[in-house]
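To keep things clear, I will list the structure first and then write my remarks on it.
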Amino acid sequence: MPLWYGGDYNPEQWPEEVWAEDVALMRRAGVNLVTVGVFSWSRLEPSEGRYTFGWLDRVLDLLAAGGIRVDLAIPTASPPPWFSLAHPDALTVTRDGVRLTHGSRDTYCVSAPAYREASLRITRALGERYRDHPATAMWHVHNEYGTPCHCDHAAAAFRAWLRERYGGLDALNDAWTTAFWGQHYSDWAQITPPRATQYLPNPAQALDFRRFVSDEMLAHFTEQRDLLRELTPGVSVTTNYVLAGWACVDHWKWSREVDLVAIDDYPSGRGMAAAGQTAFAADLARSWAGGRPWLLMEQATGYVLGPRKAPKEPGEIARHSLQHVARGSKGVMFFQWRASRGGAEQWHPGMVPHTGPDSRVFREVCALGEALERIPAPVDGPLAEAEVAILWDEEAWWAVQGPGLPSTEIDYLAAVEQAHRVLWRQGVPACFAHPSHDLPAYRAVLVPSLYPISDEAARNLTAYVEGGGTLVVSFFSGIADEHTRIRPGGYPGALREILGIRVEEFHPLDEPVELPEFGQATMWSEIVHLDGAEAVARYPGGGPAVTRHRHGGGTAWYVSTRLDDSGYARVLARAGLAGSGVPGVEVVRRQDLVFAVNHTEDEQPVPVHGTDLITGRPVGGRLGPGRYVVVRL
Amino acid sequence: MPLWYGGDYNPEQWPEEVWAEDVALMRRAGVNLVTVGVFSWSRLEPSEGRYTFGWLDRVLDLLAAGGIRVDLAIPTASPPPWFSLAHPDALTVTRDGVRLTHGSRDTYCVSAPAYREASLRITRALGERYRDHPATAMWHVHNEYGTPCHCDHAAAAFRAWLRERYGGLDALNDAWTTAFWGQHYSDWAQITPPRATQYLPNPAQALDFRRFVSDEMLAHFTEQRDLLRELTPGVSVTTNYVLAGWACVDHWKWSREVDLVAIDDYPSGRGMAAAGQTAFAADLARSWAGGRPWLLMEQATGYVLGPRKAPKEPGEIARHSLQHVARGSKGVMFFQWRASRGGAEQWHPGMVPHTGPDSRVFREVCALGEALERIPAPVDGPLAEAEVAILWDEEAWWAVQGPGLPSTEIDYLAAVEQAHRVLWRQGVPACFAHPSHDLPAYRAVLVPSLYPISDEAARNLTAYVEGGGTLVVSFFSGIADEHTRIRPGGYPGALREILGIRVEEFHPLDEPVELPEFGQATMWSEIVHLDGAEAVARYPGGGPAVTRHRHGGGTAWYVSTRLDDSGYARVLARAGLAGSGVPGVEVVRRQDLVFAVNHTEDEQPVPVHGTDLITGRPVGGRLGPGRYVVVRL
Amino acid sequence: MPLWYGGDYNPEQWPEEVWAEDVALMRRAGVNLVTVGVFSWSRLEPSEGRYTFGWLDRVLDLLAAGGIRVDLAIPTASPPPWFSLAHPDALTVTRDGVRLTHGSRDTYCVSAPAYREASLRITRALGERYRDHPATAMWHVHNEYGTPCHCDHAAAAFRAWLRERYGGLDALNDAWTTAFWGQHYSDWAQITPPRATQYLPNPAQALDFRRFVSDEMLAHFTEQRDLLRELTPGVSVTTNYVLAGWACVDHWKWSREVDLVAIDDYPSGRGMAAAGQTAFAADLARSWAGGRPWLLMEQATGYVLGPRKAPKEPGEIARHSLQHVARGSKGVMFFQWRASRGGAEQWHPGMVPHTGPDSRVFREVCALGEALERIPAPVDGPLAEAEVAILWDEEAWWAVQGPGLPSTEIDYLAAVEQAHRVLWRQGVPACFAHPSHDLPAYRAVLVPSLYPISDEAARNLTAYVEGGGTLVVSFFSGIADEHTRIRPGGYPGALREILGIRVEEFHPLDEPVELPEFGQATMWSEIVHLDGAEAVARYPGGGPAVTRHRHGGGTAWYVSTRLDDSGYARVLARAGLAGSGVPGVEVVRRQDLVFAVNHTEDEQPVPVHGTDLITGRPVGGRLGPGRYVVVRL
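Quick look at the structure:
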């Protein structure tokens, strides 16, 4: 099985006469898989129950004839206008009670019965029609699940979810601390999604609603998946995760339900920052997939986030792609094949840009296709072993987005990204783990700002340290339980014992302060009492800032402030986690291959020798600026 | 009668087994009064007309047994979820027409009949049950009144209020200048609250709506008060004022209706800025109370406003408390006794912090309790005489928040705070007065940016100057009448004669300019013609900037621009208002006591000699850094 | 016919006893035309079909007796409150579905039948009553048309407009690229205004909605106009254009329907910037009027936009007025005669300020009136010939306000203003043209950032260059068709051939770069391939930045980045468009007169000799600081 290569292909955006050129160009580029139909619902079912599959038949036949397989989409992410008109109760309602209108994508309520029925109907129709088509390689359900709704359907479903979670209202009132501000619920009917209210919302209600939204969307996914499995037992069913800051999905939980973990990756930075973010995204995907192969379902030939869009610099498309393949992606896919002429994302770059095939971008796309043909796809099974795990928990992220925290500057994603970036720059192989995962295999576990933590997770971390592990905990971790109720008796409640400290007060910083050895401390500080731990660094006022505690067979570090990358790297070095990598030069092992990518503008040494599978040339321990090689061990 | 000491106590947030520890800790801290039940409605009346008083009986019995009295709350600030469900028409509606949902606090329409009835029902039930309970010391109606509503109930009530105010539509149309943009009302039914409209709203309508909201909330208060007076004739009825920037209450008017003025004080600054704001808040309360005792109902052991929350620095809790007591507070109360584990304000600090009683904060709370026991409470009657009055008028503040002013930077609160701060730093005793108050007792009256001014108030100020007073008027004062209609013929219409000037044009400044002697002038300038006054300072272009006018037996000063603190202080000095105090060292007389508080980090001289009531030690004219003493005259 | 002089006169804002003084002051100021009744609907028709014309009769009689003519308003811009109450379906609905309320101005839906009927009713009533009144000089329909509505009436009208435009749904789906995100419309009923939706809206739908809003408001205008023409065949019917950034009118199209182009001009800058903006506005008006006379319907004696309002500096009122008259305004009109005491715009300055007639402003108003009496009005017919045309297209502006462009910093208005400013400072007479206009008369045509361009317009520009013209095109022009569909094959699609280039990629700039000769390039850069053109300047990386191409008999320049004013001026100089004017000194020819205005603070040379019509004094080639003269050729 070769690596997949391709992207979203939306032939309905173009006149039929373009299709033949598309297939010819795909073949020139080495494309062997395209995602078809993500936004085709209105073209496939132009009115309720009436189908117009002819055009799609022709597209699939054309592709099959060209040797290109299809990741066939279930187009539920964008219901047709006729559906909205017939079922206005299935349109999204905002927290202010505004019922949104079609005309964009994602305008649906995942709890609306009409939407659920219509989803299954189009799924069945597509499944039945194309299950035996030779092009059909995979099912792609929906697109970037992420629409919370606050309507009455959502309210009813939320209540049902809460009944399941809490059993009775007493447990719910307790978990949500409804005694605060006197919002005790005496009847399930009183509970709503967190709609607009007069003052601050209840943080536990807000967090449970986000959990519910994730589960409710997952229920929608699994309904389609189950139907597709029934119709096409052998074909993988996946959906593409969006990694945006507004992500409303618990990816650990979802990854147990998809046949193939698939992500969309759009870095917000440029240059080296983008390379680091790419590694971060790919390591997340690899971790969600349980250390086994997965798929980069979307990336772009350009940068699309922020106020300015631009093509990626020469070489970046390939380097980013290799970063994903090195970490276990079964292919390299883009959104989208041909840049659209119109529509809201007409400026989203394509594999074939507006300029057409006579362009640097398309030439790089072709060269990349050629390179990928020479790299074996990962085989099913473990990819490589990571030395260090970073805890990642979407629920913790959501909790930090709640109201009234001691500082508005606590940024969960930034904290996790920093931990990853510091390891990545030193060449320390890292992965991500959920707080309840089995941890003993890791040399160290990093815990960035994990505000809520369940008793079970706290026990898990304790066992890890007692069993000899090295734990590096950053400020604002272990404070609350899974209902964001603060653990009393001194912070960080659940981790006090293993850290050997007791934090009495939080003092967010207005101005940075200097720590000896570890440099600038910003944003946050704490009054830390040693209770078994020793102070590794102290604040200018004399209180402990960084501590170390031998507990059982292991060691638990605590960083009570935000350090910059070099300061955090020094903590890791003190904890024995210094790597020997050259910053910006990535060397990643995947099964029997070693990938090396030089993101810098200089030639660099790399500990890789052998023959580059891509060029067939020898690799002798050095890598030119911007170059990459793949060598078999 | 000792000073009250305590805070909001919300036992329903904790399991019953914690209550005994609470009372023990309260006794350790010297607590003798707690506010109970502010947010307990849903626990006291779990469904319409059904009461569950048992738990509150037990709490009050426990407290009474511990010698702790209760400020018993009427919990109308947070209706139960069942109430909202049964009476959706009693939920708040925003100006955009969004009907808010329960789940937070303050979600009600004070004009909704169902809410008014429910309020009286729970008031009667509590009054009847606890009127004879030995713990009952005071009634605390509602909490921080401040929810405007734009629904049809509010519209009907607004119209009734306007009929009462204006009698007929002709008077209203005239007062509101509805001729502008052709919004002449020909039927009362056409008048609504200032709901969302296409372009700028009518400023007079907006101002009257804010007056109405204050009066309507006051009507709700007086309904409960009258019922409680009937049930418990001897017990004071109060409510706690919120001093926030969004304050929607005319505190002068309300202070005539409460049995005891009570305020919540949460400074937005830190350190010396917080100390100044504390003095400001306490002087406002003292003034609203007519120069007689009042109560600090809420403060916090930490800073809660702004992007970063933190505990107050060592000593600040006591110093802030003393500032209030020195100005006539009958006690020192906090929100809340025990920091909550959950809920929207779980990070609001408590007297007992999350860390528990073994903490600096709780130790300071105990020490403060001990100190307060040694300070006599103020007796009913005048507290002290202020030399200088600063005019304070919430209606003027609201008017400056209206649309279309010549500059968006005019900031009424900042102007009043500056006047107070400059006096406070020099040790000049200050109070606040309403423009219509009797003024002759004051050496001087400061008038910061009093945009609208009624004819009556203008006559009052004129009489004050003619009778020998010193008036210091700042820019943008006296411009408009009480309907914000500009007084024609030259600014500042109502004050032209006493100021001896005529202002022809306003020129808001893009960049600061320098004035000789008075330093930097920012934000605002005017073209001032002398009409009897003399120029004390001139703009670089030669026009008068600061003027003085002898009028009748007095003198009226005019400052036509915004000066910084030192410039404004120099104007006051020229007007004979220089004080001899040391900045940051506060010496306040209250009846037969003198309070001295050193907010600086150095030892300072103080004109106080005698024995410190708190420590029993002699006071000899000096005060250590951060220290405070109370001496009997 | 003398020049008109006056302003909006709203006597209903004042007691009747003020009216006589108004007329006396108008006569003192030389006022000969006032706009009456713009916001008088509620005073003229206090309930449906009942009229109270008595007061207006008296006003018009008074004015007529004073020799002052009236621009009589049709007051449809501000329906009375009774109308809103009777027809809530005629109130504006926002894209979020919020139905706005009266209380301001402009709250109506121009598509609501009730509003259309009511408009015609009041128009007929006014027309019939005043058609023979001696004061009636002109009809002034509505005021600053500009209220889009998203209600169901608007939706129905939008659909009807789309049917007319596209004929069938297939054409619409194609034009709107509804295939993107699967929003294919299968029934007209599915199409709505661009209401709130979940994610990015469709840019083509958004653009068509703006076109529709312009046309729909125009239909409202022409209905009144036709009725008035029928009632008063000889009287001009106009409406006043608002030039604000939110302008929602296609002024080229409207200008074919009004009897007299009339604009409101409120510069946002101060000093020299305001003078440049004034010239810009007047040149737009002149161009919209087809190079023939028009009318400045509103300006102000002060600056009213931005955070700070202030009177104009001494002399500015006259200089700005002369700029308009020099460019063909038939008069000088202000909003409003007397500054209002109350209402939302009480701080909008008047000809008679709050201070009253004893004021610098009123003295300048009187002096201006005197000066205008000595300047002949323009006669009907061409005013002067411009050498250079700048393309101006409101549709292009709207398109650039759409979602998802490659940079959020592309600013159409700023680009056009820069082109005009650079010519203005050099004294090069400029006008504006629509892309489809006849261009051969111009020496050069400037094309700032004209994102969409129709095939017809592209052919027009091509013919212009081939016929010998000089075209200067700026970045992000010619990219899309009139449905904002990107023209494939390389940017700038429609202009590639005449520019002799092919742009492969856009690279918005994070930081400025330096170009040799042309200075700083900011915000935007491109990868330009020469395809017949030569590179006049190159980016630091070597790619062409500014190019020139001889095509047919003419030359086409391309500027692929944003230059500052001096850089852009150097491009124009290289293209042979350098002027000989002194910056800030304006010399404008109008028929047989030459106007010269010195906006600088120094005496300046001017190429003008003769006798100043205003002062009767000789003009000898020099002009004092801030001075202006008018000389007959």
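Protein chains in written order, with the numbering used here: chain A, 1 to 633; chain B, 634 to 1266; chain C, 1267 to 1899. Note that the Cβ used here is the ideal one computed from N, Cα and C, for glycine as well. Predicted model, so just to flag it, every value in this text is computed and none were measured.
- The shortest CA-to-CA distance from W1025 (chain B) to any of B:S737, B:L1079, B:P1039 and B:G975 is the one to B:L1079.
- Sixteen is the threshold: when 16 or more other Cβ atoms of the shown chains lie within 10 Å of the Cβ of H324 (chain A), as they do, the residue is buried.
- Taking the beta carbon of I1119 (chain B) as reference, the chain C residues within 9 Å of it are A1605, S1606, R1607, G1608, Q1612, W1613 and H1620, listed in sequence order.
- A Cβ-Cβ separation of about 21 Å leaves V258 (chain A) out of contact with T278 (chain A) under the 8 Å criterion.
- The Cβ neighbour count for W1512 (chain C), taken over all protein chains shown within 10 Å, is under 16; the residue is labelled exposed.
- Here Y741 (chain B) is not near P713 (chain B), since their CB atoms are 8 Å or more apart.
- Under the rule that a run must span 4 or more residues, the alpha helix (DSSP H) segments found entirely inside the region 1798-1864 of chain C read 1831-1840.
- Residue ranges of uninterrupted beta strand (DSSP E) with 3 or more members, entirely inside the region 752-839 of chain B and ordered along the chain, are 769-774.
- Residues of the region 492-521 of chain A with a Cβ closer than 9 Å to any Cβ of chain B, in chain order: G493, R502, V503, E504, E505, F506, H507, P508, L509 and D510.
- Going by beta carbons, F854 (chain B) and W794 (chain B) fall outside the 8 Å limit.
- In this structure, DSSP gives C881 (chain B) a state outside helix and strand, which the three-state scheme calls coil.
- Ranked by how close their Cα comes to the Cα of D1646 (chain C), the residues C:A1555, C:E1777, C:D1624 and C:D1453 have C:A1555 in first place.
- When 8 Å is used as the limit between beta carbons, P1341 (chain C) is near these residues of chain B: G815, in chain order.
- Of the candidates C:V1854, C:G1850 and C:P1884, the residue whose Cα lies closest to the Cα of D1868 (chain C) is C:G1850.
- With respect to F1741 (chain C), S1826 (chain C) sits close: the two C-beta atoms are nearer than 8 Å.
- Residues of the region 831-852 of chain B with a Cβ closer than 8 Å to any Cβ of chain C, in chain order: Q831, Y832, L833, P834, N835, P836, A837 and Q838.
- Taking the Cα positions, P1036 (chain B) is about 10 Å away from Q1612 (chain C).
- For the beta strand (DSSP E) assignment, the uninterrupted runs of no fewer than 3 residues enclosed by the region 366-406 of chain A are, from N- to C-terminal side, 388-391.
- Listed along the chain, the chain B residues whose CB falls inside 7 Å of the CB of Q190 (chain A) are P714, W715 and L718.
- Near chain C, meaning a CB-to-CB distance below 7 Å, the residues of the region 14-40 of chain A are F39 and S40.
- Residues of chain A with a Cβ closer than 7 Å to the Cβ of R1461 (chain C) are, in chain order, T101.
- For M1599 (chain C), no alpha helix (DSSP H) encloses it; the enclosing beta strand (DSSP E) starts and ends at S1595 to F1600.
- The DSSP-derived three-state label of P349 (chain A) is coil.
- Here DSSP, grouped into helix, strand and coil, assigns R1260 (chain B) to coil.
- A direct Cα-Cα distance of roughly 26 Å separates A1540 (chain C) from V1739 (chain C).
- Using a CB distance below 9 Å, the part of the region 357-391 of chain A facing chain C consists of D358, S359, R360 and V361, ordered along the chain.
- Here DSSP, grouped into helix, strand and coil, assigns H987 (chain B) to coil.
- Nearest neighbour of R1828 (chain C) by Cα position, chosen from C:G1808, C:D1531, C:L1550 and C:F1784, turns out to be C:F1784.
- Taking C-beta separations shorter than 7 Å and ignoring five residues to either side along the sequence, the partners of G1581 (chain C) in its chain run G1892, following chain order.
- If one requires a minimum length of 4 residues, the alpha helix (DSSP H) runs lying completely within the region 1035-1094 of chain B are 1045-1059, in chain order.
- Excluding residues up to 5 positions away in sequence, C1697 and F1698 lie with their Cβ nearer than 6 Å to the Cβ of S1553 (chain C) in the same chain.
- Taking 8 Å as the CB threshold, T740 (chain B) lines the interface with chain A.
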